Structure formats: C-alpha cells, structure tokens
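Working notes for the structure below.
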Amino acid sequence: MNRRLFLAGSAATLLAADGDPIDAILGRIGTPSFPGRDFDITRYGADPEGRKDSTDAIRNAIAACAAAGGGRVVVPAGAFLTGAIHLESNVNLYVGKDATLRFSRDPLQYLPVVFTRWEGTECMNYSPFIYAFGKTNIAITGPGTLDGQADCEHWWPWKGKISCGWKKGDPSQDNARNALMAAGDRNVPVKDRVFGTGSYLRPNFIQPYRCQNVLIDGLRIVNSPMWEINPVLCRNVTVRNVSIDSHGPNNDGCDPESCTDMVIENCTFSTGDDCIAIKSGRNQDGRRVNVPCSNLIVRDCTMKDGHGGVSIGSEASGGVRNVFVENCRMSSPHLDRALRIKTNSYRGGAIENIRFRKVTVGQVAQAVIDIDFFYEEGEGGPFRPIVNNVEVADVTCGKSKYGVYLRGYKDAPIRGLTMSNCTFDNAEKGNLLEHVESVAMKNVQINGVPVHV
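Numbering (the working numbering) for the sequence shown: 1 to 453.
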C-alpha cells in the first residue's frame with residue numbers, strides 16, 4: 001500500500017494514501033466541557049453602564065468559578081470596562097448577547113508583567129488583555145464583543161508609524177524591540193528580559209500560553225493593540241465562528257505559535273496585517289524553545305483585508321509542519337496574498353507539508369501563492385530556510401499581480417511544490433520563479449494559458 005509520511009513534533013505518523021491526515025488531527029481535538037454553573041459578573045459588582053472599572057469584579061467571578069470546580073463566568077448585556085483578565089482552569093468566559101467588554105486604554109491596567117511571547121521572543125511584558133498560563137480546559141465564547149479600544153491615539157502610535165498618530169519625538173517600540181531581539185539572540189534568561197512600563201511593546205489581545213484544551217467561539221473582536229488571537233505552546237485548540245475586524249499596525253487575526261493540533265473554522269477576518277499567521281518563534285529564541293507549529297487545520301473561513309489570507313512565518317525558526325487549508329474564500333483589493341510563506345536566512349526553520357486546496361480567491365493585490373526567502377533580512381545569514389512539500393489544488397483567482405511568486409536561494413531552493421486544477425485569471429505579470437526545484441503543475445492555467453514546469 002502506498003503511504004505518505006507526515007511529521008508531528010518529534011513523532012511520525014504513517015497515513016494511508018487514501019486516508020486524509022485531517023481526520024487524524026480532528027480525531028485528537030475535542031472542545032472542553034464545563035459544569036453547568038453560571039457566575040454573573042454583575043453579582044460581583046461589575047457595572048454594565050461602563051461608568052466604573054469592572055476589573056476586580058470580573059477577577060472575583062473567575063476566582064469563585066474556579067474554586068467551585070468550574071463553569072461559566074457570564075458577561076450579560078451591557079458595556080463593561082476592564083483591565084487584564086486572567087483565566088483559570090475549567091472556566092468559560094461567556095460574553096452574552098448585546099454584551100461588550102471594553103478594555104482599558106491605561107497601560108497600568110496590564111501590570112504586573114507576565115511571561116509572554118512578543119513577536120516570537122519570550123519576555124516579561126504587559127499582560128495580554130485576556131491571558132492564561134499553564135491552564136487546562138478554558139474557553140472564551142458567546143455572541144458578544146471584545147473591544148480593545150485601540151486607535152491612532154491609543155496603543156497604535158507605539159508602533160512609530162506617522163500614518164497612525166505617531167510624530168517625531170513621540171515614544172515608540174523601536175528601542176525596546178531591538179533590545180528584546182538582542183536579548184533573545186544572546187540567550188539572556190527570560191526572567192531578565194523585563195519590559196512593560198516605558199518599553200512601548202503593545203500587548204496582544206488573547207494569549208493562552210502553555211495551555212491545553214482551549215476553545216474560542218462566536219465572538220466579535222475589534223480594535224486590538226496588536227495580534228488578536230495568539231495561542232502559544234498550546235495543544236488541542238479550537239477557534240471557530242469568530243469575526244475579527246481590526247485594522248491597526250500588526251493587527252494579525254489569529255497567530256498560532258508552536259501549537260499542536262488546532263482547528264480554525266468558520267471565521268471571518270478583516271485585518272491590518274495577516275488574517276492568519278502560523279509561527280514558531282524568532283531566530284535564536286525560536287531555536288532555543290524549538291517547538292514547531294504542527295497539525296493545523298484552517299477551513300471554511302473568509303479572508304477580506306490583510307497582508308496574507310494564510311501566512312506562515314516570518315517567525316518560524318522552530319519549524320512549521322502539517323498545515324491544511326481548505327474551503328476558504330479570500331478577496332479584497334486590500335488583501336495582498338492568498339497563501340504566503342515568508343522567511344529568511346536568519347529565521348531558518350523547516351516549513352513542510354502544507355496543503356492549500358479548494359480556495360476561491362476573488363482578487364489579491366500581489367500574488368495568489370507567494371513563497372519568499374528574502375523577507376526582511378533576506379540572504380546572508382547562517383540558517384538556510386527549508387520549504388518542502390507544498391500542495392496547491394483546486395484554487396481559482398480572478399485578479400492578481402502574480403499568479404505564483406517564488407523566490408528561493410541558489411544554494412537553498414524551494415522544493416516540492418505541486419499544483420493541480422488551478423486557474424488564475426488576470427494575473428498582470430504572470431508567474432515569477434527563482435531558484436525553485438521539483439515543481440509539478442497539472443491542469444494549471446494562468447491567463448488562459450496552460451502552464452507546464
């Protein structure tokens with residue numbers, strides 16, 4: 001019997017050629033369940049009018065829920081002002097119909113610092129708005145809204161962009177970002193990489209860290225300081241039925257980092273950066289942690305504005321393997337690429353076993369399929385990136401600058417791209433392929449012309 005090999009962390013699983021690895025992944029993923037107890041935050045003093053801070057009330061409700069053995073912490077109708085929320089095991093934070101959690105614009109509300117990952121490097125920094133560390137069976141669910149209240153006067157100017165509120169002489173993240181990257185490259189102990197006040201490293205919105213059995217379901221998320229949903233080093237994660245609309249700098253929609261067994265489904269993204277970006281740590285710090293992102297399914301999602309519909313990298317130094325994207329819809333004049341793999345010779349890492357199929361693309365501004373080894377620092381580093389075994393099938397696009405844009409290195413080419421049953425119309429510049437090996441195309445048309453490689 002013919003078999004295919006798909007790597008999963010340090011283990012390897014042999015799957016029959018007529019079997020689908022998605023089935024094996026889904027067989028390991030289960031959503032957490034919770035006892036039938038509700039803890040209404042207004043019973044603990046939360047103000048539905050938003051006139052006073054409800055942080056302590058929400059924390060007290062979570063503590064009571066956890067002490068009772070778990071259940072739902074319910075945010076009822078209203079607009080509640082809060083600072084950082086830290087989840088406990090067996091707690092489902094339920095944001096109900098007509099309910100909004102509005103997160104404070106005061107950075108002091110996200111102190112003391114916590115153990116976090118910032119752009120792929122571990123550090124002690126502001127708490128993410130909703131955070132959990134080392135917890136099991138946690139959820140954030142419901143039809144309500146999470147509003148980060150970020151804009152070009154709050155949080156976003158820390159990026160240092162003139163186009164979004166920053167002006168010369170204002171503080172920005174640049175110095176702290178450089179210091180953090182240098183600390184990671186020097187293997188400074190994480191406990192000594194302390195940022196927070198005065199650093200201007202924006203907190204992510206939702207970050208479960210080293211958690212297991214995680215569910216994020218049904219929410220509307222808007223106006224994040226930075227990345228929206230960012231599970232790190234988690235196992236068994238489900239993100240579904242979520243709508244994200246946030247157009248600030250680095251406003252990625254969902255960024256799994258070094259996670260195993262995860263599904264993202266029935267979500268809608270309109271973002272200021274990548275809709276989905278799959279990551280595993282940056283440079284030396286990513287190699288130190290050395291945990292790949294593996295066994296991810298993205299299906300039945302809609303991608304509107306963003307830098308990439310599904311991106312892999314650029315912080316992928318720990319590797320990415322076994323990513324399956326299917327039955328998605330992507331289209332916007334402000335969506336740059338459909339599938340984007342971005343890396344360089346300083347990030348390194350192996351990106352392998354990527355399947356992108358049954359995706360309908362209306363239009364993208366740049367390329368339908370983009371694999372680029374020249375992202376940011378580009379060539380010249382000691383860690384040659386590896387991209388191998390990328391399958392693209394049953395993908396259509398109505399308008400783009402390039403159909404396929406591939407740039408490898410002469411001494412580290414892109415290997416193992418297969419394309420079948422794809423039609424890309426109105427691709428202004430056709431294809432660009434540099435230093436690519438083992439490309440196979442079957443029934444592929446660009447601008448009505450069959451392509452054979």
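Quick reminder that beta carbons are idealized off the backbone N, C-alpha and C, glycines included.
On a predicted model such as this, the values are computed, not experimentally measured, just so you know.
Check                                                                                                         : Outcome
Opposing strand residues paired with Lys-457 [DSSP bridges]                                                   : Here the chain covers residues 1 to 453 and nothing more, so residue 457 does not appear.
Beta strand (DSSP E) segment containing Gly-21, residue limits                                                : The residue you asked about is not Gly; residue 21 is Pro in the sequence shown. Not the beta strand (DSSP E): Pro-21 falls in the alpha helix (DSSP H), residues 21-28.
Val-368 vs Gly-398 beta-carbon contact at 7 Å                                                                 : no
Glu-454, buried or exposed, once every other Cβ within 10 Å from all chains shown has been counted against 16 : Any property of residue 454 remains undetermined from this structure, which presents the chain solely from 1 to 453.
Lys-191 to Thr-100 span [Cα, whole Å]                                                                         : 34 Å
CB contact below 7 Å: Ala-57 versus chain B                                                                   : The displayed structure is made up of one protein chain only, and chain B is not part of it.
Three-state secondary structure assigned by DSSP to Leu-201                                                   : coil
Cutoff 7 Å; reference Thr-42; Cβ partners in own chain excluding five residues on either side                 : Pro-48 and Pro-76
Cβ separation of Thr-141 and Asn-92, assumed to be a contact under 8 Å, to the nearest whole Å                : 6 Å
Identity of the residue in Asp-300, Met-226, Gly-408 and Gln-366 nearest Ile-206 by Cα                        : Met-226
Residues near Lys-442 by beta carbon distance below 6 Å, same chain, minus five either side                   : Ser-420
Given Asn-250 as reference, the closest of Asn-266, Gly-272, Cys-234 and Thr-260 once Cα atoms are compared   : Gly-272
Range covered by the alpha helix (DSSP H) that runs through Ala-183                                           : 174-185
Boundaries of the alpha helix (DSSP H) in which Asn-266 is found, first to last residue                       : First-last for Asn-266: undefined, no H or E at that position.
Minimum C-alpha distance to Thr-302 - residue among Gly-218, Val-289, Ser-104 and Ile-244                     : Ile-244
Ile-264 vs Val-222 beta-carbon contact at 7 Å                                                                 : no
Assigned secondary structure, Cys-164 (DSSP; H/G/I helix, E/B strand, else coil)                              : helix
Cβ-Cβ distance between Cys-259 and Val-239 below 7 Å                                                          : no
Span of the alpha helix (DSSP H), counted from its first residue to its last, around Arg-59                   : 55-67
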